[in-house]
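So the sequences go chain by chain: G and Z. Heads up: the first sequence is residues 3 to 542, going by this note's numbering. Heads up: the second sequence is residues 3 to 542, going by this note's numbering. Cβ coordinates follow ideal geometry from the N, Cα and C atoms, glycine included. Here the structure is laid out as C-alpha cells; the discussion comes afterwards.
2 protein chains.
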Amino acid sequence: MKQFINLKENIVAEAVDGVVAASGGRLARLDGYPHVRVVLRTNWDKSKVALVSGGGSGHEPAHGGFVGEGMLTAAVCGDVFASPSVDAVLAGILAVTGPAGCLLIVKNYTGDRLNFGLAAERARAFGLNVSMVIVDDDIALPHLPQARGLAGTLMVHKIAGALAENGADLDAVKAAAERVIAGTHTIGMSLDTCTVPGAPKDERIQPGKAELGLGIHGESGVEQVDYTDAKGAMAMVVERLSSSMTKGKPHVALLNNLGGASVLEMQILAHELRNSSIGAQLKYIIGPASMMTSLEMRGFSFSVYPADTEDLMALKSPVPLAAWPGLSGFGAVEVAELPDGLRPIKPMPSDHPATRAFVTRCCEVFIEAEDDLNALDARAGDGDTGTTLAGASRALIAAMDRLPLADHTQLYRAIGLELSQTMGGSSGVLLAIFFAAAGDAASSGQSLREALKAGLIRMQEIGGARPGDRTMIDALQPALEILADGMDKAARAAREGADRTAQMDTAKAGRSAYINPEQLRGHVDPGAEAVARLFERLSA
Amino acid sequence: MKQFINLKENIVAEAVDGVVAASGGRLARLDGYPHVRVVLRTNWDKSKVALVSGGGSGHEPAHGGFVGEGMLTAAVCGDVFASPSVDAVLAGILAVTGPAGCLLIVKNYTGDRLNFGLAAERARAFGLNVSMVIVDDDIALPHLPQARGLAGTLMVHKIAGALAENGADLDAVKAAAERVIAGTHTIGMSLDTCTVPGAPKDERIQPGKAELGLGIHGESGVEQVDYTDAKGAMAMVVERLSSSMTKGKPHVALLNNLGGASVLEMQILAHELRNSSIGAQLKYIIGPASMMTSLEMRGFSFSVYPADTEDLMALKSPVPLAAWPGLSGFGAVEVAELPDGLRPIKPMPSDHPATRAFVTRCCEVFIEAEDDLNALDARAGDGDTGTTLAGASRALIAAMDRLPLADHTQLYRAIGLELSQTMGGSSGVLLAIFFAAAGDAASSGQSLREALKAGLIRMQEIGGARPGDRTMIDALQPALEILADGMDKAARAAREGADRTAQMDTAKAGRSAYINPEQLRGHVDPGAEAVARLFERLSA
Numbered sequence: 003m004k005q006f007i008n009l010k011e012n013i014v015a016e017a018v019d020g021v022v023a024a025s026g027g028r029l030a031r032l033d034g035y036p037h038v039r040v041v042l043r044t045n046w047d048k049s050k051v052a053l054v055s056g057g058g059s060g061h062e063p064a065h066g067g068f069v070g071e072g073m074l075t076a077a078v079c080g081d082v083f084a085s086p087s088v089d090a091v092l093a094g095i096l097a098v099t100g101p102a103g104c105l106l107i108v109k110n111y112t113g114d115r116l117n118f119g120l121a122a123e124r125a126r127a128f129g130l131n132v133s134m135v136i137v138d139d140d141i142a143l144p145h146l147p148q149a150r151g152l153a154g155t156l157m158v159h160k161i162a163g164a165l166a167e168n169g170a171d172l173d174a175v176k177a178a179a180e181r182v183i184a185g186t187h188t189i190g191m192s193l194d195t196c197t198v199p200g201a202p203k204d205e206r207i208q209p210g211k212a213e214l215g216l217g218i219h220g221e222s223g224v225e226q227v228d229y230t231d232a233k234g235a236m237a238m239v240v241e242r243l244s245s246s247m248t249k250g251k252p253h254v255a256l257l258n259n260l261g262g263a264s265v266l267e268m269q270i271l272a273h274e275l276r277n278s279s280i281g282a283q284l285k286y287i288i289g290p291a292s293m294m295t296s297l298e299m300r301g302f303s304f305s306v307y308p309a310d311t312e313d314l315m316a317l318k319s320p321v322p323l324a325a326w327p328g329l330s331g332f333g334a335v336e337v338a339e340l341p342d343g344l345r346p347i348k349p350m351p352s353d354h355p356a357t358r359a360f361v362t363r364c365c366e367v368f369i370e371a372e373d374d375l376n377a378l379d380a381r382a383g384d385g386d387t388g389t390t391l392a393g394a395s396r397a398l399i400a401a402m403d404r405l406p407l408a409d410h411t412q413l414y415r416a417i418g419l420e421l422s423q424t425m426g427g428s429s430g431v432l433l434a435i436f437f438a439a440a441g442d443a444a445s446s447g448q449s450l451r452e453a454l455k456a457g458l459i460r461m462q463e464i465g466g467a468r469p470g471d472r473t474m475i476d477a478l479q480p481a482l483e484i485l486a487d488g489m490d491k492a493a494r495a496a497r498e499g500a501d502r503t504a505q506m507d508t509a510k511a512g513r514s515a516y517i518n519p520e521q522l523r524g525h526v527d528p529g530a531e532a533v534a535r536l537f538e539r540l541s542a
Numbered sequence: 003m004k005q006f007i008n009l010k011e012n013i014v015a016e017a018v019d020g021v022v023a024a025s026g027g028r029l030a031r032l033d034g035y036p037h038v039r040v041v042l043r044t045n046w047d048k049s050k051v052a053l054v055s056g057g058g059s060g061h062e063p064a065h066g067g068f069v070g071e072g073m074l075t076a077a078v079c080g081d082v083f084a085s086p087s088v089d090a091v092l093a094g095i096l097a098v099t100g101p102a103g104c105l106l107i108v109k110n111y112t113g114d115r116l117n118f119g120l121a122a123e124r125a126r127a128f129g130l131n132v133s134m135v136i137v138d139d140d141i142a143l144p145h146l147p148q149a150r151g152l153a154g155t156l157m158v159h160k161i162a163g164a165l166a167e168n169g170a171d172l173d174a175v176k177a178a179a180e181r182v183i184a185g186t187h188t189i190g191m192s193l194d195t196c197t198v199p200g201a202p203k204d205e206r207i208q209p210g211k212a213e214l215g216l217g218i219h220g221e222s223g224v225e226q227v228d229y230t231d232a233k234g235a236m237a238m239v240v241e242r243l244s245s246s247m248t249k250g251k252p253h254v255a256l257l258n259n260l261g262g263a264s265v266l267e268m269q270i271l272a273h274e275l276r277n278s279s280i281g282a283q284l285k286y287i288i289g290p291a292s293m294m295t296s297l298e299m300r301g302f303s304f305s306v307y308p309a310d311t312e313d314l315m316a317l318k319s320p321v322p323l324a325a326w327p328g329l330s331g332f333g334a335v336e337v338a339e340l341p342d343g344l345r346p347i348k349p350m351p352s353d354h355p356a357t358r359a360f361v362t363r364c365c366e367v368f369i370e371a372e373d374d375l376n377a378l379d380a381r382a383g384d385g386d387t388g389t390t391l392a393g394a395s396r397a398l399i400a401a402m403d404r405l406p407l408a409d410h411t412q413l414y415r416a417i418g419l420e421l422s423q424t425m426g427g428s429s430g431v432l433l434a435i436f437f438a439a440a441g442d443a444a445s446s447g448q449s450l451r452e453a454l455k456a457g458l459i460r461m462q463e464i465g466g467a468r469p470g471d472r473t474m475i476d477a478l479q480p481a482l483e484i485l486a487d488g489m490d491k492a493a494r495a496a497r498e499g500a501d502r503t504a505q506m507d508t509a510k511a512g513r514s515a516y517i518n519p520e521q522l523r524g525h526v527d528p529g530a531e532a533v534a535r536l537f538e539r540l541s542a
C-alpha cells in the first residue's frame with residue numbers, strides 16, 4: 003500500500019517536525035529524537051496548570067494539533083498505535099510543569115495508563131503536583147468495565163484547556179475533566195480498515211458490511227453489520243448512543259472523521275445526524291472534522307456530551323488552532339426564498355418585416371449548410387455542428403412571432419434567450435452570451451456593429467478562445483472588424499479567416515483541442531465555415 | 003464501493019443541508035431544490051461587494067465551507083464534478099448582489115465558464131454590476147493556454163474576501179483577484195484515484211506508481227511517475243513548481259489534502275516541503291488541510307503565491323470558518339532542550355542487615371515459586387508469570403549493594419526504579435508504580451503499612467483492576483487491610499483472597515480478561531498466588 007511516508011521508523015518524528023514547522027513559532031518540540039517526541043507550546047510560562055496528553059500516533063491531528071493556548075500544553079507522541087515510553091512522557095511533564103501542577107489526559111489503553119502513570123510517579127518524586135484522568139468514552143463494549151478512549155477526549159482537552167487557560171487550579175481542572183469524562187459517550191462506524199504503515203491491509207470488512215463499535219487502532223469492531231446507506235449508518239450509531247444520553251438535556255455532538263471519509267460524506271452524515279431521532283436534542287455540534295483519526299480509515303465516530311452553561315462557554319472560547327473546528331449551533335436548515343427574476347422577462351413581441359426577413363435569411367443559411375458543416379465536424383468531433391446550428395435556426399424561425407422584431411435593442415437579448423433554451427452544448431451557451439452581451443451594449447446606446455463587437459469580446463472572455471485557436475472566432479472577428487466598410491469586405495474577411503483555420507493544426511480551445519493534429523490539417527473549422535457562409539450569403 | 007451517501011441524486015442537497023445545519027445560523031440555502039443548491043450568508047446586507055463562487059461538487063469544503071464573513075457570500079453547488087446550471091448561478095447572484103455589485107470567482111473549466119458567464123449576462127440584464135474572474139493556477143499542462151483551476155482558488159477567495167469585507171469596490175476587488183490569479187501556481191500528486199459516487203473505481207494507478215499533475219475531477223494525471231516515498235514525491239512537485247516562482251521573493255505555500263491522505267501523511271509532507279530546495283523561500287503556509295478535495299483521493303496539491311504585505315494582511319485576517327486553516331509562519335523547527343531529571347536521581351546506597359535479609363527473603367519466595375506460578379499462568383496466559391517474578395527477584399538481589407537499605411523512605415522508590423528497569427511487561431510497570439507511590443507516601447511521613455496501602459490505591463487507579471477482577475489485588479488488598487493485626491492474619495487473608503480467585507470465572511482486567519471462563523474456573527490467579535505465598539512465608 004502506497005503512503006506518503008518515508009522510513010517507517012521516522013514517521014512520527016517527521017510528522018511532529020511538520021506540525022512544528024507549520025506552527026509559525028507557536029510550537030516547539032523537545033530535543034530527544036528518536037524516542038522522545040514531545041510537541042509543546044513556546045509561549046508557556048508555567049504559571050497555569052499544564053495539560054499534557056498523547057499516546058500512540060496515527061490519530062492526527064490528535065494530539066499535537068491541539069497543543070496551543072486554551073487547549074493542551076504538550077503532547078507526547080508514541081509510534082503509530084503504540085504508547086510513548088515512560089521517559090518520553092516524563093520529559094513532557096518536566097518540560098511544562100510549574101508550581102500550578104499538571105494534569106495528564108490519557109485515553110484508556112493499558113500501555114498509556116501504565117506509561118503515563120509511572121511517569122507521573124517519577125514526576126511526583128521531583129516534587130511536582132501531577133494528576134491524571136483516564137478518558138473512557140467508548141460505549142461499544144458495555145460489558146467491559148474498561149471502556150476505550152476515543153474522540154470524546156477532545157471534549158476533555160477543550161473544556162479542561164479553557165479552565166486552565168483562565169487560571170483554574172489543578173483540583174478544579176481535574177474535577178472538570180472527570181465530569182466531562184463521565185458525561186461523554188462515543189461510538190464509531192467504519193466501511194473499511196486503516197492501513198498501518200509497513201503492514202499489509204487487513205481486508206476483513208466484506209462488501210456490503212460495515213463495522214460498528216470500532217476502536218481507533220485498527221482493531222476489529224464489536225460487530226459487523228449490513229451497510230445500506232448513510233441514513234442507516236447514522237441510525238444504528240444513534241440507536242446505540244441514545245441510551246447513554248441524559249433525557250431532556252440538550253447535548254453537544256462531536257462528529258469526527260476517522261480519516262478516510264470524504265468531506266462530502268461527512269457533510270451528509272451531519273445532515274443525517276440532524277435528521278435523526280435525537281437530532282433535536284443536539285443543540286450544538288463540533289465538526290464534522292478530522293479530530294481523532296485512525297490513519298485513513300473510512301469511517302466516523304459520534305460523541306455526545308450534555309454540556310452545562312459553563313461547559314458551553316469553555317467549548318466556545320476561541321483557540322488559535324486550525325485542528326479545532328469550534329463549537330457551532332446545530333439546528334434546522336434555514337431556507338431563503340428564491341430571488342425574483344429567475345424567469346427572464348420576455349420582451350413584448352413586435353413585427354418589423356425587414357428584420358423578420360433578415361433573421362429568417364440568416365437562419366436559412368445555416369439550415370442549408372447542415373450537411374456540409376456536419377461533414378467538416380466529423381473530422382474533429384462527433385459531426386453534429388450542422389445539425390446543432392440548423393436545429394437552432396429552425397427553432398428561431400418558429401419563434402419569430404414572439405420576438406421583439408421592431409425593437410433591435412431587445413431583439414439581441416431575445417435571440418440570446420431563445421438560443422440558450424433551444425441550442426444544446428457549449429456553442430448554444432456561447433451564442434447566448436454573444437447575443438446577451440450585444441444586447442447589453444445596444445441598450446447602453448452602442449451601434450449595431452459596436453454591439454456585435456461587444457458580444458464577440460464577451461464571448462471570447464467567457465469561452466477563452468482567441469484568434470488562431472481554430473474556432474468560429476477566426477472568421478467572425480475579421481468580419482466584424484471590417485464590417486463598417488461594407489458587407490462585401492466583411493464576407494471576404496470571414497472567408498479568408500475560415501480558410502486559415504485549415505492550416506491550424508493545433509486547436510487550443512473547444513473540443514478540437516483534444517484531437518490529433520493530423521486529423522485537423524487541411525480541413526476548415528465548421529464554426530468558422532458557418533460564419534463565412536453567413537457573411538457570403540448576406541453579401542450576395 | 004461503499005460510501006456514506008444515500009441516493010446518488012440527493013448527495014449534494016443533503017451535503018448542503020449538513021453544512022447549513024452545522025453553521026449555527028450563519029448560513030442558509032436557497033429554496034429551489036433539487037436544481038438550485040446555493041449556500042449563502044444570513045448576515046448579509048448587500049452593502050458590500052458580493053463574492054460568488056462554486057462549480058461542481060466533490061471538492062468540499064470548497065466552496066460551501068468557505069461561505070462566511072470575510073470570504074464568500076454565496077456558493078453555487080453543481081452535481082459531483084458537474085457545473086451548476088445557469089439558473090442556479092443566476093439565483094445565487096440575484097440573492098446576494100446589491101448596489102456594490104458582485105464578483106464571480108470561477109475555476110477554469112468550460113462548463114463553469116459558460117454557465118457562470120451566461121448567468122452573469124442575465125444578471126447584467128437586470129442592471130446588476132457583475133464581474134467575473136477565472137482561476138487557472140494549474141501548471142501541469144504548460145502547453146495548454148487554458149490551465150485548470152485548482153486549490154489556488156482558495157488564495158483568491160481569501161484575499162478578495164478580505165478586501166470586499168473591508169469595503170473595497172468591485173473594480174478593486176476584481177483587480178486584486180486577477181493579481182492573485184496571475185501569481186498563483188499549483189500542481190498535485192496522487193497515489194490513488196477517487197471514487198465518483200455510483201461509478202466503479204478507475205484502478206489506473208498501478209502499484210509503485212503515482213500520478214503527477216492531476217486534476218480534481220478524477221481525470222488522469224499528466225504523467226505516471228515512479229513513486230518511492232514522501233520525500234521523492236515532494237521533490238518532484240517542487241521541481242515542477244519552482245520555475246513558476248518569483249526569484250528572491252518570499253512565497254505563501256498552500257498545502258492541500260485531496261481528501262484521502264491521512265493527517266499524519268500530510269504532516270510528513272509539510273516536513274518534506276519545509277526541507278525541500280524551496281523551503282526557505284516559503285515564509286508562510288496555509289494548511290496542511292483539506293480545502294479543495296477530489297472526493298477521497300489519496301493525494302495532495304501544493305500551491306505557491308508571492309504575497310505582498312497587503313496580501314499577507316488579507317490572508318491573515320481571521321474568519322469564522324472551520325474550513326479555513328489560517329495563514330501561519332513556516333519556518334525552522336524550534337527544538338527545546340530536554341528537561342533535567344530524566345535520569346532518575348539514584349539514592350545513595352546504604353546497608354542495613356535486617357532489611358537486606360528481609361528483602362532477600364521476599365525475593366527468594368518468588369524464585370522458589372517460579373515453576374508453580376508458571377503452571378498456573380499457563381491456564382490463562384503464556385505461562386511466564388513465575389519466570390517474570392523470579393527474574394526480577396534475582397535482579398533485585400544482585401542490585402542489593404546499590405539500594406539505600408538504611409533509608410526505608412528512599413528504599414521504596416529505589417525498588418520501584420529497579421523493577422521498572424528489569425521487569426518486562428505491564429506487571430513490571432505496575433509494581434514500579436506500587437513502590438513509587440508507596441515511597442511518595444512514606445516520604446510524606448506515612449507509616450510503612452499506610453505507605454503500602456497508598457501504593458495499592460495508586461496501582462489500582464492506574465491499572466484499573468478492582469477486587470474481584472481476578473488479579474494479585476484480590477490477595478494483596480485483604481492482606482494489607484489487616485496487616486496492622488499481625489502477619490499471621492495478613493497471611494490468612496491473602497490465602498483466602500487468592501483462593502477466591504479460583505471461583506472467579508470472568509477476569510475483568512489484565513490479560514485474563516480475554517480468556518474463556520471455562521479455562522479459568524478452579525485455578526488460582528498466579529499473581530494472587532504469588533502474593534499469598536509471600537505473606538505465608540513471611541509469617542512462618
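Which word fits residue i, buried or exposed, when buried means at least 16 other C-beta atoms lie within 10 angstroms of its C-beta?
i	result
F436(Z)	buried
I475(G)	buried
T311(G)	exposed
N110(Z)	buried
M350(Z)	exposed
Q412(G)	buried
H61(G)	buried
N259(Z)	buried
Looking at the unbroken beta strand (DSSP E) that takes in residue i, where does it start and where does it end?
i	result
K285(G)	L284 to A291
L329(G)	L329 to G331
So residue i is in the alpha helix (DSSP H); what residue range does that whole segment cover?
i	result
M134(G)	Not the alpha helix (DSSP H): M134(G) falls in the beta strand (DSSP E), residues V132 to V137.
C364(Z)	P355 to E370
A455(Z)	Checking the displayed sequence, the identity of residue 455(Z) turns out to be Lys instead of Ala. That run of the alpha helix (DSSP H) goes L450 to G465.
I435(Z)	G427 to S445
I280(Z)	Careful: I280(Z) lies outside any alpha helix (DSSP H) and carries neither H nor E.
I'd like the list of long-range same chain contacts for residue i, defined as Cβ closer than 7 Å, with 5 residues on each side in sequence excluded.
i	result
R206(Z)	T195 and S222
Note down the Cα distance separating residue i from residue j, rounded to an integer number of angstroms.
i	j	result
V91(G)	S395(Z)	27 Å
F118(Z)	V88(Z)	6 Å
R535(Z)	P528(Z)	10 Å
H478(Z)	A201(G)	Looking at the sequence provided, one finds Leu at residue 478(Z) rather than His. The alpha-carbon atoms of L478(Z) and A201(G) are separated by roughly 41 Å.
A325(Z)	H65(Z)	10 Å
Name, please, each residue of chain C whose Cβ falls closer than 9 Å to the Cβ of residue i.
i	result
H525(G)	Absent from the structure: chain C. Protein chains present are G and Z.
Which residue or residues does DSSP assign as beta-bridge partners of residue i?
i	result
F302(Z)	M191(Z) and N259(Z)
Whose C-beta lies closer than 6 Å to the C-beta of residue i among residues of the same chain, with five residues either side of it excluded?
i	result
A316(G)	I161 and A164
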